[in-house]
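Order-wise, the sequence lines are chains F and U.
Heads up: the first sequence at position 511 corresponds to 510 in numbering that gives the first Met the number 0, and the numbers run straight through without jumps.
Heads up: the second sequence at position 488 corresponds to 487 in numbering that gives the first Met the number 0, and the numbers run straight through without jumps.
Here a beta-carbon is modelled for each residue, glycine too, at the ideal position from N, C-alpha and C.
Number of protein chains: 2
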Amino acid sequence: MRGLLLVLACLAALPAVADEGMWTFDNFPSSAVKQRYEADITPAWLDHVRLSTIRLTNCTASFVSPEGLILTNHHCVESCLAELSSKDISLVQTGFAAPSRRAELRCLSQLADVLVGSENVTAAISTAIAGLSDTAANDARKRTLTTLEQSCEQASARAKSGKLRCQIVTLYQGGQYFLYKYKRYDDVRLVFAPEADIASFGGDPDNFQFPRWSLDFSVLRAYENDKPANTPNYLRINFDGLHVNQLVFVPGHPGSTARLQTRAQLEFDRDLPLPITLMRAAELRGRFIQFGTTNPADARIVQAPLNSLQNAIKVRRKQLDALNDPKLLTSKTEAEEKLRESAQLPGADPWHEIESATARERILYLDYSFLENAAGFNSGLFRDARLLLRGADERTRPNVDRLREFTDASLPAIQRELYAQVPVYPELEVLTLSLSLERMREWLGPDHPVVRRLLSKESPESLAARLIAETKLDDAVVRKQLWQGGKAAVDASLDPMIEFARAVDPEARAVRKRFEDQVEAPIAASAQRIAAARFKVYGTNVYPDATFTLRLNYGTVLGWVENGSPVEPFTYLGRAFERATGASPFKIPDRWMKVKDQLNMSTPFCISTTSDIVGGNSGSPLIDAGGKIVGLMFDGNIHSIAGHYWFDGSNNRAVAVHPAIIREALDKVYGAKALLSELNAT
Amino acid sequence: MRGLLLVLACLAALPAVADEGMWTFDNFPSSAVKQRYEADITPAWLDHVRLSTIRLTNCTASFVSPEGLILTNHHCVESCLAELSSKDISLVQTGFAAPSRRAELRCLSQLADVLVGSENVTAAISTAIAGLSDTAANDARKRTLTTLEQSCEQASARAKSGKLRCQIVTLYQGGQYFLYKYKRYDDVRLVFAPEADIASFGGDPDNFQFPRWSLDFSVLRAYENDKPANTPNYLRINFDGLHVNQLVFVPGHPGSTARLQTRAQLEFDRDLPLPITLMRAAELRGRFIQFGTTNPADARIVQAPLNSLQNAIKVRRKQLDALNDPKLLTSKTEAEEKLRESAQLPGADPWHEIESATARERILYLDYSFLENAAGFNSGLFRDARLLLRGADERTRPNVDRLREFTDASLPAIQRELYAQVPVYPELEVLTLSLSLERMREWLGPDHPVVRRLLSKESPESLAARLIAETKLDDAVVRKQLWQGGKAAVDASLDPMIEFARAVDPEARAVRKRFEDQVEAPIAASAQRIAAARFKVYGTNVYPDATFTLRLNYGTVLGWVENGSPVEPFTYLGRAFERATGASPFKIPDRWMKVKDQLNMSTPFCISTTSDIVGGNSGSPLIDAGGKIVGLMFDGNIHSIAGHYWFDGSNNRAVAVHPAIIREALDKVYGAKALLSELNAT
């Protein structure tokens, strides 16, 4: 579970059963927990856990010392490691241990946000869209979100607590809107990461598998004003962990689920995005793997993007399997009929309206994904070019009139991305860009107007090679100049990648507008009506679909039964050595082999729990009722991938690193005395 | 349409509409043609066309001179060209023109079969399986097929006409069985092939597109006793071609259709084989393309397999689109309900029985495809090893007890394949084998027993590299010794690839047996009952699904309407030069550029017709009512791919090379005087 899944458009809510549920902190079912497990989850407990939990760029983490120390997964810092690497040395492969605080390395683009406050703004949105057509409501809603975020940020900037990031989250398919306020740390430094061979022992074959032996942890530190941040809210670690059946909680940021998308939306996913994305991703995996066979340097630079791609492939592959399980669609139909029957909604049937919208989406899908979602222009430098081009255009408009990703609240993150001098590997850029151009020609056809314009005199390979060779956008100084120069500078730019982005922008914006009006707007309107029906029938005994915002769930340490055989919820170090083949991804690093005799082979390694988590929860602390960390979530079992669409408590399991193996490794393999001491482990 | 599609298990028949239909020669609807087009298709006409038409290994062809000259597509001889190439020179790229008959180059594995007789043996099969359970009937049927083929071959060997190849074809889902008798030419030589750049101008982007400008033709010659074969039945070419709306016929060997598979079978295809095969093929495409970027020699050796793969991807991709079109499955359900209603079958519902069988097939699918279909062992040398291993085993058994692919009638083709010293490129073998092992580990999981046994101490890459480096099976002499040495030699062999094939054989055979008993047998029994129902309701006004056996259809020269715009049925040479970009696949060869001024730019290039063809019809002559060749089929438009499942006469079009461009090219570009003369073109 290497990263946050693509956030899908539509949210949902469903009656919870067993320990299912990704609850918002304001609606956590403390009484149900009390009743079932006799544990007291108090408002103070919730506040402390919330303020100790961190949202990273695409993961979760937690503070584990009062001096800003952060615990998360190795795969959550892989992009930081890769950005600090080069063709000659890969920190992903070698790992990293800062010998002193001064040697802690600043990540170039990692951010750490803590949710310090929230406000229900549903009424303001409802007022703004009342009585409007679907399309007008869709526009008015976005303008209102922008206005509210802007007011919030301006107010916080005037307050003595300091400026906050304000972001509205849409819950329950538009049934609720909350304004979330984050304290942001933009100086995050690398403290410790083990070698990839042990952090992701088992690699892609073992990804989403259990039993498991992956030491998927790493340590960062938040800084403020060039000093370790003062973080009074942090979680202590219980290195002994827990026993089977004990109660556990997971705070974190599940990225995206689609549990109450309608049947029509799931059929759309099954028929178009999943198989098409899988085909493109599979081919790119082939290109990456073959590219990496050429020499060790190429293998090094391709490792991080390849890992992320392989994870995405496994996720989508099992999502497709889930949608091909007739039980899923049947139960979906039954749930829809039951709700339709119970709610007795007046007017047009919203499930039918959504079905009509997905029929239109089928027609728009290829153009939308290749042109607007840039599946045809897969290149970091193209992404920069489009950010510069659109950013220049959008910033000339009033804040509320901009595309949502360019509102004032969004600009600091864009700016940070553009200004970071991350390594660019031209050979990989040519690879991904030429492949995506070629597939765009394949899928849209050689006679599509955009394809004809781009490729009638150049091949995908020669066009990609020329653009990457001649653009200057790989230089952060050039990007900064263009961003600061605004529309005049970008309009005057002859950089070929800017020109290329400019050439495809009218069609990309046009298909986006068609998508918003014909698909997004009617789905939003109907989804909101379904959400209202669900509140009416099921009350607040529901939780919203995941939105990469803070949630809390509860569950227990537990295995499951696979093909009639029980799977125990713990693994131990000894078996990792037995499983090793000597070759990645089943290679135990030399450093471990050297001290093998000193290691306690009975050290617990990984744990499985019933926690209801998905991608985005990576790095979440697994905590006990006392608020102590008893594990570090990093994955789920293979059945957990279907959790995107439904939660099957009989076999959906989350997978965590046991704290005992972290202590064993830091102590005996890495000799990280200071770190152990800061973690109170000595 | 570069090759024969995989032949699927189940055949079907459906009432014909418009010019739809792949008719057997014994049931050609001459009266319908007479009524609609006033053309007389006599038995003599049918005999002459049948005896002039050739089945190649995976294509169709026709005799075009009394001295064994054969006309077919360039892409049908691509494997012959590749077998005669090396890392240093690619005949696929350069083309080939024999300066004299002595210089005609023998293809290493091409065969040419002509259907000289046939016999209805349905009664014998029915008798053999009467009263048996599904599983027993399935076994008895196979034994009877073997017995009948054996008797036929033995009888022909005693006759003075000479030994024939006998093969039983299952028509109408087991509604009919015919014993087909072929005269085989096993000495087929290369006479002429143009450069790939003009033969497949437009490449993969233009594949299955029209308008089109691909000179996809080549010329072979059949030899007997080292002399050009005497072929009194041949087709003359009318180099002027035909006009729009004129009546045309296509004799040939459509490979496989699934037009009356049941809804459950189509849903199985949609959910498992198509997406899974597409993912694997897409990744292999990525590997191949990246491999070819390394240097020109690598690009040369990967070209032929890459072309074939790209074709398969496009076909399957559009098949998946067809199955995702709700109209298709709805019409399928309606047709099933109508037939069920009309036929009033007693006993268990056969559609439901097939649905149950496909539910079992879903469970077996991954094991079956990776282990028995060798999706986990993608290597020509593994294929050789399995042929040797199983061939040695099977030949110790009585003919009727063998796996059907090892009956006496099948041995000559296997032997020919094993003895041919075709080039083996170890780097490509390692690529395909390591990838397939890796994907087997991914899909079956690292803890599948076979995966554990093969990969617990070696990585896919190191295992593949070792097997390919150490096996001697790349040497045809070694293969011949092992084949001739039989079971004793193979049992004693320590060749690592033989040992590898031996290691996976028990599981592969076991899953095959489960598949045959649990899936194949009940589907065969139920499909036969559906076929009987269809005969009862629709009589003989039906045609069987394609089986890569000889068929004839009729249609007209016609375009269609695409998105409201008419597509004309002819293209002309001039537009090819306008479409050229200078880079493959839109590059016109230098040889053409040099004589550009002498070429008649108004020469017709390609034609579209309503002919109902699919893969396997590649190389079919397009003939007029007088039996003259007026085109050379090589492809269909994009809508024709859905023809695997249904025929939509409004937009399904076949695509042929116009004979005028063949004459123009041979005359002005290649100066092939002797060939033109033999074709009566001068």
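Which of helix, strand or coil DSSP assigns to residue i
| i | result |
| --- | --- |
| D596 of chain U | helix |
| K86 of chain F | coil |
| T332 of chain U | helix |
| L219 of chain U | strand |
| F267 of chain U | helix |
| G202 of chain U | helix |
| E515 of chain F | helix |
| V190 of chain F | strand |
| K182 of chain U | strand |
| F177 of chain F | strand |
| W442 of chain F | helix |
| W212 of chain F | coil |
| Y537 of chain F | helix |
Closer than 9 angstroms at the beta carbon, the chain U residues around residue i
| i | result |
| --- | --- |
| L277 of chain F | P274, L277, M278 and A281 |
Contact list for residue i against chain F, beta-carbon separation under 7 angstroms
| i | result |
| --- | --- |
| K456 of chain U | T580 |
| S461 of chain U | A582 |
Within chain F, partners of residue i - CB distance below 8 angstroms
| i | result |
| --- | --- |
| L319 of chain U | P274 |
| R440 of chain U | P204 |
Within chain U, the residues that residue i reaches when beta carbons sit closer than 8 angstroms
| i | result |
| --- | --- |
| P445 of chain F | G201, P204, D205 and Q208 |
| N323 of chain F | D270 and L271 |
Amino acids of chain F, ordered along the chain, whose beta-carbon sits closer than 9 angstroms to that of residue i
| i | result |
| --- | --- |
| F290 of chain U | Q289 and T292 |
| G285 of chain U | A281, E282, L283, R284, G285, R286, F287, I288, Q289 and L434 |
Which listed residue (the options) has its alpha carbon closest to that of residue i
| i | options | result |
| --- | --- | --- |
| N119 of chain U | U:A347, U:A531 and U:Y179 | U:Y179 |
| F569 of chain U | U:R211, U:T134 and U:Q166 | U:R211 |
| V235 of chain U | U:R142, U:A671, U:S51 and U:L427 | The residue asked about is misnamed: residue 235 of chain U is Arg in this sequence, not Val. The candidate whose alpha carbon is nearest that of R235 of chain U is U:S51. |
| G291 of chain F | F:E567, F:P253 and F:Q302 | F:Q302 |
| N552 of chain U | U:G558, U:D544 and U:R183 | U:D544 |
| L305 of chain F | F:R403, F:Y233, F:L427 and F:S217 | F:L427 |
| L45 of chain U | U:G635, U:I622, U:R662 and U:G563 | U:I622 |
| L170 of chain U | U:W559, U:T602 and U:L549 | U:L549 |
| V518 of chain F | F:I353, F:L557 and F:E393 | F:I353 |
| V613 of chain U | U:G130, U:D133, U:N310 and U:K159 | U:N310 |
| V314 of chain U | U:Q245, U:Q414, U:R339 and U:Q208 | U:Q208 |
| G484 of chain F | F:A464, F:T395 and F:P325 | F:T395 |
Taking 8 angstroms as the threshold, find out whether the region 567-585 of chain U comes into contact with the region 19-29 of chain U through three or more Cβ pairs.
no
Which ranges would you report for the beta strand (DSSP E) in the region 94-175 of chain U if only whole runs of at least 3 residues count?
111-119 and 164-170
Let me know the alpha helix (DSSP H) ranges lying completely inside the region 544-612 of chain U, each 4 residues or longer, listed in chain order.
572-578 and 589-593
May I have a chain-ordered list of the alpha helix (DSSP H) segments no shorter than 4 residues that lie completely inside the region 606-679 of chain U?
The region 606-679 of chain U contains, as complete alpha helix (DSSP H) runs of 4+ residues, the segments 658-663 and 672-677 (chain order).
With a cut-off of 8 angstroms, do at least 3 Cβ pairs link the region 625-637 of chain U to the region 655-667 of chain U?
yes
Can you list, in chain order, the stretches of the beta strand (DSSP E) that have 3 or more residues and sit fully within the region 29-80 of chain U?
Counting whole runs of 3 or more residues, the region 29-80 of chain U contains the beta strand (DSSP E) stretches 52-54, 59-62 and 68-71.
So, do the region 357-371 of chain U and the region 435-453 of chain U have three or more beta carbon pairs nearer to each other than 8 angstroms?
These segments touch.
Inspect the CB distances between the region 252-271 of chain U and the region 357-365 of chain U and report whether three or more fall short of 8 angstroms.
yes
Is the region 57-76 of chain F touching the region 217-237 of chain F in the sense that three or more CB pairs, one from each, lie closer than 8 angstroms?
With the cut-off at 8 angstroms, the region 217-237 of chain F and the region 57-76 of chain F touch.
Decide yes or no for the touch test of the region 90-110 of chain F against the region 177-191 of chain F: beta carbon pairs closer than 8 angstroms, at least 3 of them.
With the cut-off at 8 angstroms, the region 90-110 of chain F and the region 177-191 of chain F touch.
Along the chain, which unbroken stretches of the beta strand (DSSP E) at least 3 residues long are found entirely within the region 238-291 of chain F?
As summarised for the region 238-291 of chain F, the continuous beta strand (DSSP E) elements at least 3 residues long and confined to that stretch are 246-251, given in chain order.
Secondary structure, alpha helix (DSSP H): runs of 4+ residues fully inside the region 345-418 of chain U:
If we require 4 residues or more, the alpha helix (DSSP H) runs fully inside the region 345-418 of chain U come out as 349-366, 379-393 and 410-418.
The region 490-507 of chain U touching the region 375-387 of chain U, judged by at least three CB pairs closer than 8 angstroms:
yes
Could you say if the region 72-88 of chain F and the region 191-198 of chain F meet the contact criterion of at least three C-beta pairs nearer than 8 angstroms?
yes
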